[in-house]
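Numbering (my numbering), first residue to last: -6 to 267.
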């Protein structure tokens, strides 16, 4: 799918992924993130299918997509354009702040609660500079607490081996090019592989395999932006071939690598309002 001239996407600097984007028509195919996608609609009507229903977010409303939930993206009514900002926040960060409680779930994916609005704008209000140190930590703390309040509280998660899940994550990130199995993770952590799979999902919002694929794709996006070809990125990030890479990319981000890269390359033509 060729990139459209009206579409663009800007990535803010910093340790957490924050974007502003403008898209038209049917923007994204159905896809999943292993993070929370939490943002605000700025212009137009942001439409999407989520948990079996069509949703719409108007300017000023928040969009909160739970980790690993299938969704798409389009202009309301299927025509026109929409502009939005989004932050992608690891569920492990939210859990750490909430003391190991279950992940807050915002029903319907659209919210106008002023508590959440204040927390989201603290994170997304200024995309021209990175948020770092205490500023970022304060913003994430306020966001987690606002999510918990809007979702109606969260029960304790129950007994999970958080240390084993974290060691598994670190091992996956250090071995992105390799073929991994639950047996490998069991050997590294000393934790039963099926319990480890459960604990990993509770901590990071995705299965170990999904986490591996998405970290490979994150590396591949950086390679594409650096001018590496799709075939080289696929080979360098552990995908079996370029076709497999393209399928996984679209499943994760809702765009083909070519369409995503085309939107990114035009980003310098667009300023981000303060």
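Even glycine gets a Cβ: it sits at the ideal position worked out from N, Cα and C. Owing to the predicted nature of the structure, the values given are computational and were not obtained by experimental measurement.
Is the Cβ-Cβ distance between residue 85 and residue 153 less than 9 Å?
-> By 1-based counting over the chain shown, the position of residue 85 is 92. By 1-based counting over the chain shown, the position of residue 153 is 160. In this structure, residue 153 does not lie closer than 9 Å to residue 85 by Cβ.
Option in 116, 83, 251 with minimal Cα separation from residue 214 | Locating residue 214 in the chain shown gives position 221, where the first residue counts as 1. Ranking 116, 83, 251 by Cα distance to residue 214 puts 251 first.
Pick helix, strand or coil for residue 269, following the three-state DSSP scheme.
-> The requested residue 269 does not occur in the structure, where the chain is confined to residues -6 to 267.
Between 168, 91, 105, 244, which lies nearest to residue 133 when the distance is taken from Cα to Cα?
-> Here residue 133 corresponds to residue number 140 of the chain shown, with the count starting at 1. Selected option, being the one with the closest Cα: 91.
Local Cβ density within 10 Å of residue 26, reported as buried at 16 or more and exposed below that = On the chain shown, position 33 is the one that residue 26 refers to. That one is buried.
Are the Cβ atoms of residue 103 and residue 55 separated by less than 9 Å?
-> Within the chain shown, the letter at position 110 stands for residue 103. Within the chain shown, the letter at position 62 stands for residue 55. Against a cut-off of 9 Å, the Cβ pair of residue 55 and residue 103 comes out as a contact.
How about the stretch 46 to 53 and the stretch 113 to 121: do they share at least three Cβ pairs that are nearer than 8 Å?
-> no
Taking the runs of the alpha helix (DSSP H) that are 4 residues or longer, which of them lie wholly in the stretch 26 to 104?
-> 84 to 90
For residue 110 and residue 74, believed in contact at Cβ under 8 Å, the rounded distance = Here residue 74 corresponds to residue number 81 of the chain shown, with the count starting at 1. Here residue 110 corresponds to residue number 117 of the chain shown, with the count starting at 1. Contact between residue 74 and residue 110 does not hold, since their C-beta atoms are separated by about 23 Å, which reaches or exceeds 8 Å.
Alpha carbon to alpha carbon, how far is residue 22 from residue 35? Give it in angstroms, no decimals.
-> Counting from one through the chain shown, the residue named residue 35 turns up at place 42. Counting from one through the chain shown, the residue named residue 22 turns up at place 29. If you take the alpha carbons of residue 35 and residue 22, they lie about 21 Å apart.
Assigned exposure category for residue 233 - 16 Cβ within 10 Å defines buried | By one-based count along the chain shown, residue 233 stands at place 240. By the 10 Å Cβ count, residue 233 comes out exposed.
Given that a residue counts as buried once 16 or more other Cβ atoms are within 10 Å of its Cβ, and exposed if not, what is residue 187?
-> On the chain shown, position 194 is the one that residue 187 refers to. So residue 187 counts as exposed.
Let me know if residue 64 comes out buried or exposed under the rule of 16 or more other beta-carbons within 10 Å of its beta-carbon.
-> Along the chain shown, one-based indexing puts residue 64 at 71. Counting Cβ neighbours within 10 Å, residue 64 comes out buried, since at least 16 surround it.
Report the residue from 39, 30, 123 whose alpha carbon sits nearest the alpha carbon of residue 6.
-> By 1-based counting over the chain shown, the position of residue 6 is 13. Considering only alpha carbons, the answer is 123.
Per DSSP, residue 21 forms a beta bridge with which residues?
-> Within the chain shown, the letter at position 28 stands for residue 21. 66.
For my contact list, residue 108 and residue 142 are in at a C-beta cut-off of 8 Å; report their separation, rounded to the angstrom.
-> For this step, residue 108 is matched to residue 115 along the chain shown. For this step, residue 142 is matched to residue 149 along the chain shown. About 6 Å separates the two Cβ atoms, so the contact holds.
Just how far apart, CA to CA, sit residue 168 and residue 60?
-> Taking the chain shown and counting its residues from 1, the one referred to as residue 168 is at position 175. Taking the chain shown and counting its residues from 1, the one referred to as residue 60 is at position 67. About 23 Å.
Are the beta-carbon atoms belonging to residue 189 and residue 173 less than 9 Å from one another?
-> Taking the chain shown and counting its residues from 1, the one referred to as residue 189 is at position 196. Taking the chain shown and counting its residues from 1, the one referred to as residue 173 is at position 180. No, these two residues do not count as a Cβ contact at 9 Å.
According to DSSP, what are the bridge partners of residue 268?
-> Residue 268 lies beyond the residue range present for the chain, which begins at -6 and ends at 267; the question has no answer from this structure.
Per DSSP, cross-strand counterpart(s) of residue 3 | The residue labelled residue 3 in the question sits at position 10 within the chain shown. DSSP output for residue 3 lists 13 as bridge partner(s).
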